[in-house]
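See structure below.
2 protein chains.
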Amino acid sequence: MSVAQTLDQRIREDIERNIRSGAWRPGDRIPFEHELVAEYGCARATVSKALTALSRAGLIERRRKAGSFVAHPHVQSAVLDVPDIGSVIAARGDAYRFELLKRGERKHAAGDPLEAAGAMLTIEGVHHAAGEPFGHEQRLISLAMVPQARDVDFTAEAPGSWLLGHVPWSEARHRIAAVPADARLARLLGIAPGTACLQLERWTWQLGKEVTWVRQTFPGDRYDLVAQFTPQSR
Amino acid sequence: MSVAQTLDQRIREDIERNIRSGAWRPGDRIPFEHELVAEYGCARATVSKALTALSRAGLIERRRKAGSFVAHPHVQSAVLDVPDIGSVIAARGDAYRFELLKRGERKHAAGDPLEAAGAMLTIEGVHHAAGEPFGHEQRLISLAMVPQARDVDFTAEAPGSWLLGHVPWSEARHRIAAVPADARLARLLGIAPGTACLQLERWTWQLGKEVTWVRQTFPGDRYDLVAQFTPQSR
DNA sequence: GAGTGGTCTAGACCACAAA
DNA sequence: TTGTGGTCTAGACCACTCC
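Protein chains in written order, with UniProt numbering: chain A, 1 to 234; chain B, 1 to 234.
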């Protein structure tokens, strides 16, 4: 199953799994570096590399003389999030529906936004709010990471919503741009070609491995993104 | 500035300075690891740590057998950061200029995006990259919070750059949308009316008090926003 | 084949905070 | 004072890729 992996990545993922599973709670001390060195039979620099990465990711906090501890999640800063579009629309008081346009399965191809996936599920659909098109979605799901997605009926539940409920993610990346609607998109969304649209691409990882990529496109007057944050010090 | 600095940080900053200043252009090969080892008289692991950090930050690209190269920057910046547009453009290797269109001072008015400010500085200008318009900026600065802004020459330094260097901030909020360019904006940026543009509004606070508001508008094909993040618990 | 970066080892000294 | 993490050294082997 697991392909070639560096030792520091393996240590990092082992610890990350313990934290995300809840086995290690916020505030718990994780093993000392020298204990991990003994456990993995490796050099201290290798353990330190893994812990440094976890610290930079905000999962642990390291204190001299005391050890390393599972970080208390930040309470204050509402930053970016992976939203469930259905919930957003429902919260607005509109009826929500996901229209599945295409569903397929294929091998990874050169130029795919997911880099290292084997077989992939491809999904295209349109989100509707109050009976009107709200946004378009093109998605890839790694079947190596999420084999159970093969058996899901995405006419009943939007893929984003299903993934949020069934697959944990540990890291995500957004790319946001403004694009004009091309002819096909304009027809699907019921807007004029060239209309300014907000395009959101999102890559999602679980323990360092790609889970899904999605490109969502919304007419500019129907969707805003908001982020509130504090300066980064790390 | 800080005196205590680790060697790998110093190496990293030296290289970063060479890139941002334009001394090393995108595509240029930077010194091999063994050359940097000789230059700094340190171990290869220390050089490698610095280069790994630069690679993760997207400033360089490393290729086996070939060496490390100054990355061709995507024009993108993080959603969770307050970027200095001048630095972003300089990092891309283009000449940067801020064109001040209007500057004024007035009392707070109803409907202003800054709510509780008294006297405010109003600034409008255009960011230029390589001699071409890159983005438009409309800004308000609270003179109650930043009285020294009265005496700054914003034809010499863009207001965003000056503020980042002189006024600390403790909280910021972004609102991102896609909008079509209106006639005036299209003229200022040299684009067709209706062109899809990325519009970024940012409110910045210091210790709970509003410092500045800015609305920046970029043609959609010239600017991306990127955010990388991990889940928030609850 | 040759030379690069990627990773790792088995030490070392230091700064700092906890005991 | 003690033990932890932070940084660094001087090697090593490997994988990849350019020649």
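Here a beta-carbon is modelled for each residue, glycine too, at the ideal position from N, C-alpha and C.
> Val146 (chain B) versus chain A: which residues are under 8 Å apart at the beta carbon?
Replying inline: Counting from 1 along the second sequence, the entry for residue 146 (chain B) is found at position 146. Neighbours of Val146 (chain B) on chain A: none; closest Cβ ~17 Å, over 8 Å.
>> The beta strand (DSSP E) that contains Arg25 (chain B), what's its start and end?
In response: Taking the second sequence and counting its residues from 1, one reaches residue 25 (chain B) at position 25. For Arg25 (chain B), there is no enclosing beta strand (DSSP E), as DSSP marks it with neither H nor E.
> Measuring CA to CA, which of B:Met145, B:His136, B:Ala177, B:Gln199 is closest to Arg184 (chain B)?
Replying inline: The residue you call residue 184 (chain B) lines up with position 184 of the second sequence. Among B:Met145, B:His136, B:Ala177, B:Gln199, the Cα nearest to that of Arg184 (chain B) is on B:His136.
> What are the boundary residues of the beta strand (DSSP E) that includes Pro133 (chain A)?
Replying inline: For the purposes of this step, residue 133 (chain A) is taken as residue 133 along the first sequence, with counting starting at 1. Per DSSP, the continuous beta strand (DSSP E) segment holding Pro133 (chain A) begins and ends at 132-142.
> Any idea which residues DSSP pairs Met120 (chain B) with across the strands?
Replying inline: Your numbering for residue 120 (chain B) matches position 120 in the second sequence. According to DSSP, Met120 (chain B) bridges with B:Arg106, B:Ser142.
> Given a threshold of 16 other Cβ atoms within 10 Å of its Cβ, counted over all protein chains shown, does Lys107 (chain A) qualify as buried or as exposed?
Replying inline: Numbered from 1 along the first sequence, position 107 holds the residue referred to as residue 107 (chain A). When all chains shown are included, Lys107 (chain A) counts as exposed.
>> Within the continuous alpha helix (DSSP H) that includes Ser161 (chain B), where are the two ends?
In response: Along the second sequence, read from residue 1 onward, the residue named residue 161 (chain B) stands at position 161. For Ser161 (chain B), the uninterrupted alpha helix (DSSP H) segment begins and ends at 159-166.
> What's the C-alpha gap between Val47 (chain A) and Ser142 (chain A)?
Replying inline: Against the first sequence, residue 47 (chain A) aligns to sequence position 47. Against the first sequence, residue 142 (chain A) aligns to sequence position 142. Taking the straight line joining both Cα atoms gives about 30 Å.
> In terms of DSSP beta bridges, what is Gln199 (chain B) paired with?
Replying inline: Stepping through the second sequence from its first residue, residue 199 (chain B) is reached at position 199. As a beta-bridge residue in DSSP terms, Gln199 (chain B) pairs with B:Ala177, B:Thr217.
>> Judging by CA-CA distance, which residue of B:Phe154, B:Gln138, B:Ala192 is the nearest neighbour of Thr217 (chain B)?
In response: If you number the second sequence from 1, residue 217 (chain B) lands on position 217. Thr217 (chain B) has its Cα closest to that of B:Gln138, out of B:Phe154, B:Gln138, B:Ala192.
> Cβ of Glu124 (chain B) within 9 Å of Cβ of Leu163 (chain B)?
Replying inline: Position 124 of the second sequence holds residue 124 (chain B). Position 163 of the second sequence holds residue 163 (chain B). Not a contact, by the Cβ cut-off of 9 Å.
> Quick one: which chain A residues come within Cβ less than 9 Å of Val179 (chain B)?
Replying inline: As a working mapping, residue 179 (chain B) is identified with position 179 in the second sequence. What Val179 (chain B) touches in chain A: Ala178, Ala196, Gly220, Asp221.
> Do the segment 184-200 of chain B and the segment 193-209 of chain A make contact, defined as three or more Cβ pairs closer than 8 Å?
Replying inline: Judged by Cβ distances under 8 Å, the segment 184-200 of chain B makes contact with the segment 193-209 of chain A, as three or more pairs qualify.
> Mind checking Gly118 (chain A): buried by the 16 CB within 10 Å criterion, or exposed?
Replying inline: For the purposes of this step, residue 118 (chain A) is taken as the residue at position 118 of the first sequence. That one is exposed.
> Using the C-alpha atoms, what's the distance from Gly131 (chain B) back to Phe98 (chain B)?
Replying inline: Locating residue 98 (chain B) in the second sequence gives position 98, counting from the first residue. Locating residue 131 (chain B) in the second sequence gives position 131, counting from the first residue. Rounded to the nearest whole angstrom, the CA to CA distance from Phe98 (chain B) to Gly131 (chain B) is 10 Å.
> Measuring CA to CA, which of A:Asp14, A:Tyr96, A:Leu188 is closest to Glu157 (chain A)?
Replying inline: Locating residue 157 (chain A) in the first sequence gives position 157, counting from the first residue. For Glu157 (chain A), the nearest C-alpha among the options comes from A:Tyr96.
> Checking contacts by CB at 9 Å: is Ala45 (chain A) closer than that to chain B?
Replying inline: Here residue 45 (chain A) refers to the residue found at position 45 when the first sequence is read from its first residue. By this cut-off, Ala45 (chain A) is an interface position.
> What residue does the alpha helix (DSSP H) around Glu33 (chain A) start on, and which one ends it?
Replying inline: On the first sequence, position 33 is the one that residue 33 (chain A) refers to. From DSSP, the alpha helix (DSSP H) with Glu33 (chain A) extends over 33-40.
>> Helix, strand or coil, according to DSSP, for Arg20 (chain B) in the structure here?
In response: Reading the second sequence from its first residue, position 20 is the one you call residue 20 (chain B). Arg20 (chain B): helix per DSSP, three-state reduction.
>> Glu33 (chain B) and Arg44 (chain B) - do their beta-carbons sit closer together than 9 Å?
In response: As a first step, residue 44 (chain B) must be located in the second sequence, where it is residue number 44. As a first step, residue 33 (chain B) must be located in the second sequence, where it is residue number 33. Yes, the Cβ-Cβ distance between Arg44 (chain B) and Glu33 (chain B) is below 9 Å.
> By a C-beta neighbour count over all protein chains shown, 10 Å radius and 16 as the cutoff for buried, is Asp182 (chain B) buried or exposed?
Replying inline: By one-based count along the second sequence, residue 182 (chain B) stands at place 182. So Asp182 (chain B) counts as exposed.
>> Between which residues of its own chain and Ala149 (chain A) is the CB-CB distance below 7 Å, once the five residues before and five after are set aside?
In response: Against the first sequence, residue 149 (chain A) aligns to sequence position 149. For Ala149 (chain A), the CB contacts under 7 Å within the same chain, skipping 5 residues up- and downstream, are Leu121, Ile141, Leu143 in chain order.
>> Is the separation between the beta-carbon of Arg215 (chain B) and that of Arg202 (chain B) shorter than 9 Å?
In response: For the purposes of this step, residue 215 (chain B) is taken as the residue at position 215 of the second sequence. For the purposes of this step, residue 202 (chain B) is taken as the residue at position 202 of the second sequence. For Arg215 (chain B) and Arg202 (chain B), yes; Cβs fall inside 9 Å.
> Do you know whose CA, among B:Leu7, B:Leu51, B:Arg17, B:Ala57, lies nearest Gly67 (chain B)'s CA?
Replying inline: Here residue 67 (chain B) is taken as the residue at index 67 of the second sequence, counted from 1. Cα-wise, what sits closest to Gly67 (chain B) is B:Leu51.
> How would you call residue 237 (chain B), buried or exposed, if buried means at least 16 neighbouring beta carbons within 10 angstroms?
Replying inline: Residue numbering for chain B in the displayed model covers 1 to 234; residue 237 (chain B) lies beyond these limits and cannot be assessed.
>> At the level of alpha carbons, what is the spacing between Arg29 (chain B) and Lys49 (chain B)?
In response: In the second sequence, counting from the first residue as 1, residue 29 (chain B) sits at position 29. In the second sequence, counting from the first residue as 1, residue 49 (chain B) sits at position 49. A direct Cα-to-Cα measurement between Arg29 (chain B) and Lys49 (chain B) gives close to 18 Å.
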